[in-house]
Each structure stands twice: as C-alpha cells, then as structure tokens.
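In our numbering, the protein residues as written are 1 to 167.
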Amino acid sequence: MSFPNLYYKRTVATAKSCFICYKPTTTVLATIDTTDFLYTCPVHLTDPGFTTCVNEPDTKKASPSAEEIAKVKQEWEEKQKKKKETEKEKDKDKDKDKLPEETTQESRAATAASGQSTPAPTPTHERYVLHRNIFSLRVAEHRRRRQAAQAKTLAPRLPGTPTNTIR
1 MSFPNLYYKR TVATAKSCFI CYKPTTTVLA TIDTTDFLYT CPVHLTDPGF
51 TTCVNEPDTK KASPSAEEIA KVKQEWEEKQ KKKKETEKEK DKDKDKDKLP
101 EETTQESRAA TAASGQSTPA PTPTHERYVL HRNIFSLRVA EHRRRRQAAQ
151 AKTLAPRLPG TPTNTIR
C-alpha cells in the first residue's frame, strides 16, 4: 500500500517539532487523505532538496472578470436608487414615526437575495512534491510501522516455547 507523492501545506493550531530541524512549527505537509503527514518549517519548503512546489495550470486570475464588475456595479446602482427613494419618502413622511412595514419587508428580501448570489471562494492549499530520497524515507517508515503492527497481531497466534525438559 503506497501513497502518492503529493502533499498539501496546511496550518494547524498546535506546534510540533519540524521533521528536519526539530524546531516547533505549525506548518504541516499532509497527503490528501492524511495517510502521511509531517511537520516542517516554512523555510524548508523553499529548499529544492526537500520539496518542490507544484503550480496548478488552471489557476484563476486575481483580478475580477468583467461580468463580476458589471454585476457589482448594477447592484450598487440599485442600492443607490433605493437609498434615494427612501430619503424622498422620509422627507414626505416626516410627520409619521414609522415607515410602512411593506417597504421594509421588500428591502429585506432584496438584500437577502443579493447576499445569497455571491458564493464564498473555496480555500486552496499549496501543493508540494517531496524529493525522491525524502519520500522513500517516508514510505520506508510507513512500511516499518505496518510490519510492526502485523507482527504484533500475529505474535499471540504463534506457539510458545516448550517448557518441558528434553529426556
């Protein structure tokens, strides 16, 4: 059972010793299913003898698209129009203490609809590939752990040593 040589950089709350220099760090490199993980300092991630950063070919641009800009512009203009309308109504209804409930409910529904239309961006983790020697160390360590667990489960089923003396 082997795992791929693709690790994701994650940050954790508790600091543990680095795999290389044993200094406390909160940066972890973990496989996608977390079968293997190792704590490492951010400085070591730039070392080509330890890891190599894998750039995704389909990365999105940092600047928003023209459609997004137009959508935000339109929403802003609508809000400004509503603001002007409410100011006019307030000027007309200075004698009244409260606005009619219908207009407040409509404005609440409009703001709720605009809030739901913008999806939250999904967080992406940096991807790294370990150097082949470091990766072979990790695979060997997992193999050793698996063999130790197998030996531990197999040991009770083996027969014991003879207790009688040979005559």
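Ideal placement from N, C-alpha and C gives every residue a C-beta, glycine not left out.
- Secondary structure of F50 (DSSP, three-state): coil.
- By the Cβ-count criterion, R138 is buried, with 16 or more other Cβ atoms from all chains shown falling within 10 Å of its own Cβ.
- Residue Y39 holds the alpha-carbon nearest to the alpha-carbon of C21 among E75, Y39 and E77.
- Within the model, the alpha-carbon separation for K23 versus P162 is close to 50 Å.
- Secondary-structure assignment with DSSP links R10 through a beta bridge to V28.
- C-alpha of A155 to C-alpha of Q147: approximately 12 Å in a straight line.
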